[in-house]
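S.K.:
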Amino acid sequence: MEILQNITFGFGHALTWSNLLYCAIGCSIGTFIGILPGLGPLATISLLLPLTYSLPTDAGLIMLAGIYYGAQYGENVSAITMNIPHSSSIVACIDGYAMTRKGKAGLALLTAGLSSFIGGTIATAVIAGLAPSLAQIAFLFSPADYCALILLGFVSVSYVSASGGVLSGMGMALVGALLGSIGTDFGTGVQRFTMGQLSLVDGVTLVSVALGCFGVAEITRSLDQRNTFTPFSGKIDMRLSMPNFRRIMPSALRGSVVGSILGLLPGGGPVISQFGAYAVEKKLSRYRREIGQGAIEGVAGQAAANEAASRTSFIPLLSIGIPENPTMALIMAAFIMKGVQPGPLMMTQHPQTFWGLVASMWIGNCFLLCLNVPLVKQLLSVLRIPFSVLVPASLLFCCIGAFSVHNSMDDIFVMAGFGFLGYAFRCLRLDVPPLMLGFILGPMLEENFRRATTLSHGSFVVFLERPISATIIGLLALLICWKTFRFLRARLRARELAEQEAQC
Amino acid sequence: MNRNLVRGLAFIAVALFFGIQASTYRLGDLAQAGPGLFPLTVSVIVGVIGLVMVVGSRFRPSELLHFNFKTVAIVMASLVGFAVLTDLVGALVGVVFLVFVSALAGEKYNWKLNLKITLGLMVITYLFSAVLGVGLRLY
Numbered sequence: 000m001e002i003l004q005n006i007t008f009g010f011g012h013a014l015t016w017s018n019l020l021y022c023a024i025g026c027s028i029g030t031f032i033g034i035l036p037g038l039g040p041l042a043t044i045s046l047l048l049p050l051t052y053s054l055p056t057d058a059g060l061i062m063l064a065g066i067y068y069g070a071q072y073g074e075n076v077s078a079i080t081m082n083i084p085h086s087s088s089i090v091a092c093i094d095g096y097a098m099t100r101k102g103k104a105g106l107a108l109l110t111a112g113l114s115s116f117i118g119g120t121i122a123t124a125v126i127a128g129l130a131p132s133l134a135q136i137a138f139l140f141s142p143a144d145y146c147a148l149i150l151l152g153f154v155s156v157s158y159v160s161a162s163g164g165v166l167s168g169m170g171m172a173l174v175g176a177l178l179g180s181i182g183t184d185f186g187t188g189v190q191r192f193t194m195g196q197l198s199l200v201d202g203v204t205l206v207s208v209a210l211g212c213f214g215v216a217e218i219t220r221s222l223d224q225r226n227t228f229t230p231f232s233g234k235i236d237m238r239l240s241m242p243n244f245r246r247i248m249p250s251a252l253r254g255s256v257v258g259s260i261l262g263l264l265p266g267g268g269p270v271i272s273q274f275g276a277y278a279v280e281k282k283l284s285r286y287r288r289e290i291g292q293g294a295i296e297g298v299a300g301q302a303a304a305n306e307a308a309s310r311t312s313f314i315p316l317l318s319i320g321i322p323e324n325p326t327m328a329l330i331m332a333a334f335i336m337k338g339v340q341p342g343p344l345m346m347t348q349h350p351q352t353f354w355g356l357v358a359s360m361w362i363g364n365c366f367l368l369c370l371n372v373p374l375v376k377q378l379l380s381v382l383r384i385p386f387s388v389l390v391p392a393s394l395l396f397c398c399i400g401a402f403s404v405h406n407s408m409d410d411i412f413v414m415a416g417f418g419f420l421g422y423a424f425r426c427l428r429l430d431v432p433p434l435m436l437g438f439i440l441g442p443m444l445e446e447n448f449r450r451a452t453t454l455s456h457g458s459f460v461v462f463l464e465r466p467i468s469a470t471i472i473g474l475l476a477l478l479i480c481w482k483t484f485r486f487l488r489a490r491l492r493a494r495e496l497a498e499q500e501a502q503c
Numbered sequence: 000m001n002r003n004l005v006r007g008l009a010f011i012a013v014a015l016f017f018g019i020q021a022s023t024y025r026l027g028d029l030a031q032a033g034p035g036l037f038p039l040t041v042s043v044i045v046g047v048i049g050l051v052m053v054v055g056s057r058f059r060p061s062e063l064l065h066f067n068f069k070t071v072a073i074v075m076a077s078l079v080g081f082a083v084l085t086d087l088v089g090a091l092v093g094v095v096f097l098v099f100v101s102a103l104a105g106e107k108y109n110w111k112l113n114l115k116i117t118l119g120l121m122v123i124t125y126l127f128s129a130v131l132g133v134g135l136r137l138y
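Chains as they are written, first to last, in numbering that gives the first Met the number 0: chain G, 0 to 503; chain P, 0 to 138.
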């Protein structure tokens, strides 16, 4: 019954007028930004991070979380109506857009909205049930265990963001770790890589890195591509019939389970969960033959999984204190700026923040369903904003955002530098999100590694002696072996095929 | 330019930049790690990844690298100009510079539209400092 008590406590905090307002603002901004092509949730959160300084702690965090999961729904909207894929709505383009072409855009949007609601509700329950007990386990973690866990994060993020290959993903995460080590060394006070710049003594500001790499670089990139979109103007009929509802439910439930699990794993989150849920639907659904040609199941499963994963990915951050994907790394920065250290102690030190946030996630769900689903036509008008207005406005917001962290112009220069780097990385087809995660995890890894080896008087055995770290390192080794095996096998097959073709 | 080759070279450059500096810091040993140990280790790994990529690019078909210097230069100039002008004169002048320079990267150059955008963004900047308390000097 402790859970019920905690949840009512959380609702008590989340249901104040100001928190409700910020939750609604967050969800709506998130949906808006999700619809807009180009700016993903990472860019949005980094743009709005500085705005939350002037808000109270709980309200700021509730708003940021709302942006994150609101964006998942928004990305589905632009995928379904206009076939614009974002990183976490690639799958929604297949069946969702097929439904739109059949004239069932309204049904597809409603399916996405309803499934998101179901996925979000289940995932919120999972957080409330799982996070406190996981935090109890986290109390047992020693520096060596943290080290192993962070290493797992490094490796899995480089596998997940596979668009440029595993090697480049790993490389980017490590470059992020190097960037994170700029500034005063925590153990000895030596200034590293500051090049004599006073503004770098405290390290590179995370907001400048995020705004540069995501905000400025994405704007520059979209200027390059010069694409303009005409908003969807077809009819949207939002009525739901009972047979359709019966088709949505099982898929949404399956998607929620898949999403909740995949969201928990390191490196996980909405991006991989959509593929997982879609694969499950293709195997298990009663209408599996229709999937791919505009089946309700193809939309429902992945929408539920997206929404569920975007919430359960909060669990490792809230209960262990380790962000598992780049977006969570940014949210962690927001927590720290607010003076709340996410981790096992958070639940006892700031219970109202924790439970208020969990409760607000469910309230945000209701906002998405009651406000953003019926108003989807109005939301789509965001695409009418001409590019020539969007570009200078976003650049100005980036500048103000970077400046407001320390009230310093130097941060704008740093941001511009990272904007250039981010653009160069995109041109080289190197994924920037692993860099972001490396930037946060790198210093944590160094600190815990140095603590662990100091405690063990310089021996590596400590990592294999402790049961938790030994298990994680074993898992890591298995993961790497399995992936290498699959890679080699694929190579071999490709070579055999090529030889066969050559013989023919 | 071959994208795979440039990728590898970029990683090597980063590794050299950080690695050379890190090797000048005290390394220490594992029991008492100095400030240079962790960055040097990471730089070495990044350098190895870069080398593998450079070697690997010899065996792969080369892909063309698109890098639009004009767009980046314009965006960078507008950002740096905004910061410098805001520091010297005030944010409202900076906004004018930002809008008119960044518009150079667009397809059409429309004076009237730029003027409207500038006015709108000036109001937003004012609101930022008046309502949200951002410490930008306006004029």
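Ideal Cβ placement from N, Cα and C applies to all residues, glycine included.
Would the region 41–58 of chain G count as touching the region 201–209 of chain G if we require 3 or more Cβ pairs under 8 Å?
M.R.: yes
S.K.: In chain P, which residues lie less than 8 Å from G:Val-174 when you measure between Cβ atoms?
M.R.: Phe-10, Val-13, Val-45
S.K.: Taking the alpha carbon of P:Phe-68 as the reference point, which residue from G:Ala-423, G:Leu-463, G:Phe-448 has its own alpha carbon closest?
M.R.: G:Ala-423
S.K.: Which term fits G:Ser-318, buried or exposed, when burial requires 16 or more other beta carbons within 10 angstroms of its beta carbon?
M.R.: buried
S.K.: So that I know if they touch, is there some Cβ in chain G lying closer than 9 Å to that of P:Phe-66?
M.R.: yes
S.K.: Relative to chain G, which residues along the region 16–29 of chain P have a C-beta separation below 8 Å, given in chain order?
M.R.: Phe-17, Gln-20, Ala-21, Tyr-24, Arg-25, Asp-28, Leu-29
S.K.: Span of the alpha helix (DSSP H) holding G:Lys-101?
M.R.: If you look at G:Lys-101, you'll find it isn't in any alpha helix (DSSP H); DSSP assigns it neither H nor E.
S.K.: Looking at P:Ile-116: is its Cβ nearer than 9 Å to the Cβ of G:Val-388?
M.R.: yes
S.K.: Tell me whether the beta-carbon of G:Gly-179 lies closer than 9 Å to the beta-carbon of G:Leu-440.
M.R.: yes
S.K.: State the beta-bridge partners of G:Thr-183 as determined by DSSP.
M.R.: G:Gln-190
S.K.: Considering just the uninterrupted stretch of the alpha helix (DSSP H) at G:Ser-272, what are its terminal residues?
M.R.: For G:Ser-272, the enclosing alpha helix (DSSP H) stretches over residues 269–283.
S.K.: Beta-carbon of P:Ala-82 versus every beta-carbon of chain G: anything under 9 Å?
M.R.: yes
S.K.: Out of G:Ala-147, G:Asp-430, G:Thr-7, which has the shortest C-alpha to C-alpha gap to G:Met-443?
M.R.: G:Ala-147
S.K.: Confirm, please, whether the CB-CB distance from P:Ser-56 to P:Leu-39 is below 9 Å.
M.R.: no
S.K.: DSSP three-state call for P:Gly-35: helix, strand or coil?
M.R.: Looking at P:Gly-35 - three-state DSSP - the assignment turns out to be coil, as it is neither helix nor strand.
S.K.: Using beta-carbon positions only, say whether G:Val-130 and G:Leu-370 come within less than 9 Å of one another.
M.R.: Residue identity check: residue 130 of chain G is Ala in the sequence provided, not Val. Contact flag unset, no.
S.K.: Sort G:Val-413, G:Ser-87, G:Val-404 by Cα distance to G:Leu-199 and report the nearest one.
M.R.: G:Val-413
S.K.: For P:Thr-85 and G:Ser-468, I'd like the C-alpha separation in whole angstroms.
M.R.: 51 Å
S.K.: Taking the alpha-carbon positions, what's the G:Leu-109 to G:Lys-101 distance?
M.R.: 15 Å
S.K.: Is the CB of G:Tyr-422 under 9 Å away from at least one CB in chain P?
M.R.: yes
S.K.: Does chain B have any CB closer than 9 Å to the CB of G:Thr-352?
M.R.: Chain labels in this structure do not include chain B; the protein chains are G and P.
S.K.: Helix or strand or just coil, what does DSSP make of G:Asn-324?
M.R.: coil
S.K.: Would you tell me roughly how many angstroms separate the C-alpha atoms of G:Leu-283 and G:Ser-114, rounded to the nearest one?
M.R.: 17 Å
S.K.: Just grab the DSSP bridge partners of P:Leu-63 for me.
M.R.: P:Asn-1
S.K.: Measure the Cβ-Cβ separation of G:Phe-31 and G:Val-375 and say whether it is below 9 Å.
M.R.: no
S.K.: Quick one: list the residues of chain P neighbouring G:Glu-217, beta-carbon separation under 9 Å, in chain order.
M.R.: Within 9 Å Cβ-Cβ: nothing; G:Glu-217 doesn't reach chain P, min ~11 Å.
S.K.: Report the option in G:Ala-392, G:Leu-496, G:Phe-386 whose CA atom is closest to the CA atom of P:Ile-123.
M.R.: G:Ala-392
S.K.: Taking only beta-carbon atoms, is G:Ala-493 less than 9 Å away from chain P?
M.R.: no
S.K.: I want to verify the contact list: residues of chain P whose CB lies under 7 Å from the CB of G:Arg-428, in sequence order.
M.R.: Arg-2
S.K.: By Cβ distance below 7 Å, which residues in the same chain neighbour G:Met-331 in space, the five residues on each side in sequence not counted?
M.R.: Leu-316, Pro-322, Pro-341, Ile-439
S.K.: List the endpoints of the continuous alpha helix (DSSP H) containing G:Val-504.
M.R.: Within the shown structure, residues of chain G are numbered from 0 to 503, placing residue 504 of chain G beyond reach of any answer.
S.K.: Let's see if you can read the secondary structure: which residues bound the alpha helix (DSSP H) around G:Val-76?
M.R.: 56–81
S.K.: Examine chain P for any beta-carbon lying closer than 9 Å to the beta-carbon of G:Ala-415, and answer yes or no.
M.R.: yes
S.K.: Taking 6 Å as the limit between beta carbons, can you name the residues of its chain near G:Pro-343, skipping five residues before and five after?
M.R.: Ala-134, Ala-137, Phe-138.
S.K.: So, at 6 Å on beta carbons, what are the nonlocal neighbours of P:Tyr-24 in its own chain, with the 5 sequence-adjacent residues on each side left out?
M.R.: Only Pro-34, Gly-35 meet the Cβ criterion.
S.K.: Measuring alpha carbon to alpha carbon, tell me which residue in G:Gly-266, G:Ile-126, G:Ile-399 is nearest P:Gly-134.
M.R.: Taking only the C-alpha atoms, the option nearest P:Gly-134 is G:Ile-399.
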